[in-house]
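With my numbering as the guide, the letters of the sequence shown map in order to residues 314 to 601.
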Amino acid sequence: MKKKGEFLTCLEVLTKSSEFLGRKGVPSPKCDSEWIVSSILKTKRMNLYLYPDEIIGEEKLNEIRSMIVRRGKREPLQHILGSVNFAGLVLKCDGRALIPRPETETLVEHILHRLPPSFDKAILDIGTGTGAILAALCSSLPSSVGVGLDQSEEALSLAKENLKDLNLQSRTQVRKLDWNLQKVSEEGVGLVVSNPPYLKTEEWECAETEVKAHDPKIALVAGEDGFSELKKIIDISVAVLPSGGMFALEFGTSHAEKISKSLSSKFESIEILKDLSHYRRFSIARKC
Ligand SMILES: C[S@@+](CC[C@H](N)C(=O)[O-])C[C@H]1O[C@@H](n2cnc3c(N)ncnc32)[C@H](O)[C@@H]1O
């Protein structure tokens with residue numbers, strides 16, 4: 314990026330970084346370069362273009378270079394920055410858990426549109442990962458309490474850090490539980506939410522390097538048709554929720570029919586909702 318004795322301006326660094334990432338096949342090279350440069354300069358992305366001629370010193374240039382090289386090797390931007398924006402929160406993000414996805418922010422929005430701000434029951438987040446859903450819901454519902462379950466101790470350690478950073482530790486807990494081996498028995502639950510693994514093996518095989526090499530496979534893949542874990546979560550919800558309790562689930566693009574069918578005998582007011590790309594991606598229902 315910099316030859317000996319040469320200095321680069323902010324705009325030059327952005328241009329060279331973006332060209333480098335483009336050559337490496339990174340999908341959003343300009344945007345990712347902006348995130349990296351702005352994180353090192355500790356400024357907003359917009360400011361990079363307000364002061365394009367600012368000279369970037371050697372130390373910062375080296376930091377930017379090392380992050381751009383990592384991104385060029387297709388390490389996810391969120392791991393390089395160490396954080397992700399989710400539903401208005403900044404969460405710590407690393408290889409211990411799945412990077413929370415924008416689709417899941419839409420699920421959180423759908424839930425919050427259907428609950429009163431005074432909601433004061435327990436929220437059970439099954440397969441909590443970074444704790445993203447639990448953190449977003451408990452932040453917006455100040456009278457709620459929450460429990461996040463996951464089989465991955467690494468994910469739980471990250472979720473715990475996130476909930477503490479957001480000052481939610483007094484209202485939330487995380488617990489290790491494998492839903493294939495242990496019974497879920499929580500009391501006072503008013504909402505069960507889950508974004509379980511739902512990819513078919515073949516879908517995971519076609520995923521980008523960022524996903525295959527850096528997201529935990531166990532967080533994403535659910536056998537041949539991707540439906541097995543969804544069915545288990547529905548069964549757990551039936552057992553845990555009282556009549557009138559809310560169930561909210563994220564699933565794959567091919568699962569909507571099967572989900573409706575599986576919910577129909579034990580739930581009412583069943584809604585199938587779309588994500589921002591217009592795929593049927595979520596269901597929200599009330600326990601009969
Ligand atoms: C798709 S990730 C969702 C993470 C987070 N809720 C989110 O939306 O970003 C699914 C999570 O379920 C967990 N998981 C998978 N199988 C499990 C099992 N049998 N028991 C408990 N947790 C499991 C994974 O460790 C992972 O954290």
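Quick reminder that beta carbons are idealized off the backbone N, C-alpha and C, glycines included.
Would you kindly report the start and end of the unbroken alpha helix (DSSP H) that includes residue i?
i	result
F333	C323 to R336
G440	Taken as a continuous stretch (DSSP letters only), G440 belongs to no alpha helix (DSSP H), as it is neither H nor E.
N475	E466 to D478
S346	P342 to L354
L420	P415 to R427
L450	A445 to S453
Roughly how many angstroms separate the alpha carbons of residue i and residue j, rounded to a whole number?
i	j	result
P340	Y592	22 Å
S351	S498	46 Å
A535	S578	24 Å
K544	K496	15 Å
Q486	A468	13 Å
G558	I369	55 Å
A569	P430	29 Å
E418	F333	31 Å
D548	M359	48 Å
E411	E371	In the sequence as displayed, the identity of residue 411 is Leu instead of Glu. Looking at the two C-alpha atoms, the distance is approximately 34 Å.
S567	V460	29 Å
K513	K373	42 Å
Which stretch, first to last residue, makes up the beta strand (DSSP E) that contains residue i?
i	result
C520	The sequence as given places Ala at residue 520; Cys does not occur at that position. Per DSSP, A520 belongs to no beta strand (DSSP E) and is neither H nor E.
K373	Premise fails: K373 lies in the alpha helix (DSSP H), E371 to G385, not in any beta strand (DSSP E).
D463	V458 to D463
T485	T485 to K489
E563	M559 to E563
K545	K545 -> not in any beta strand (DSSP E); alpha helix (DSSP H) instead, spanning S541 to V553.
L361	Counting along the chain, L361 falls outside any beta strand (DSSP E), though it belongs to the alpha helix (DSSP H) covering R358 to L363.
L504	V502 to S507
Report the option in the options whose CA atom is closest to the CA atom of residue i.
i	options	result
D491	L450, G440, E537 and G444	G440
E474	K357, K373, K525 and C406	C406
L321	S456, I349 and E367	E367
N375	I349, G442 and F399	I349
A448	P413, E466, K525 and C344	P413
L428	S470, F560, D548 and C601	F560
E347	C323, G503 and S483	C323
E466	R409, E418 and T522	R409
K329	G385, M359 and L462	G385
P509	S453, G395 and L462	L462
R599	S575, C451 and L554	L554
G501	C344, S331, F432 and K355	F432
I583	P389, L450, F399 and L562	L562
Y511	L450, D528, F540 and V458	F540
A472	V403, S550, S556 and E388	V403
Taking all protein chains shown into account, do 16 or more other C-beta atoms lie within 10 angstroms of the C-beta of residue i, making it buried, or fewer, making it exposed?
i	result
I531	exposed
Y362	exposed
Y364	exposed
Q488	The amino acid occupying residue 488 in the given sequence is Arg; Gln does not appear at that position. Flag for R488 reads exposed.
V506	buried
What are the uninterrupted segments assigned as beta strand (DSSP E) that are 3 or more residues long and contained completely in the segment 569 to 593, given in chain order?
-> For the segment 569 to 593, whole beta strand (DSSP E) runs of length 3 or above, ordered along the chain, are 580 to 587.
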